[in-house]
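*Asks:* Provided herewith is a single structure, encoded as structure tokens, for subsequent inquiry.
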């Protein structure tokens, strides 16, 4: 997983790719956790947090772009 600073440097298209990858990872971890195969159940929370961070950064970029378009 990338840090928040690394994510903020990425362009929107790359962030969307990263989001799709993070969602797939979250699904896989949740599935393993529910089926009892997961060794570390804390990975679910980490993965959810990562998805939320990416979504937040995308929203920030969108709001910044809209504000720049206004001016």
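In my numbering, the protein residues as written are 160 to 230. All residues carry an ideal CB built from backbone N, CA and C; glycine is no exception.
Counting pairs of Cβ atoms below 8 Å between the stretch 164-179 and the stretch 189-203, do you hit three or more?
*Replies:* In short, these stretches do not touch, since the Cβ pair count stays below three.
*Asks:* What separation, rounded to the nearest whole angstrom, lies between the Cα atoms of residue 160 and residue 215?
*Replies:* If I take the Cα positions, the gap works out to 16 Å.
*Asks:* Confirm, please, whether the CB-CB distance from residue 169 to residue 210 is below 7 Å.
*Replies:* In this structure, residue 169 does not lie closer than 7 Å to residue 210 by Cβ.
*Asks:* Between which two residues does the alpha helix (DSSP H) harbouring residue 170 extend?
*Replies:* It is not in any alpha helix (DSSP H) - residue 170 carries neither H nor E in the DSSP assignment.
*Asks:* I'd like to know if residue 161 contacts chain C, where contact means its C-beta is closer than 7 Å to some C-beta of that chain.
*Replies:* You won't find chain C in this structure, because it holds only one protein chain.
*Asks:* If you reduce the DSSP assignment to three classes, tell me which class residue 194 lands in.
*Replies:* Coil, per DSSP.
*Asks:* The alpha helix (DSSP H) with residue 215 in it runs from where to where?
*Replies:* Run containing residue 215: 201-229, per the alpha helix (DSSP H) assignment.
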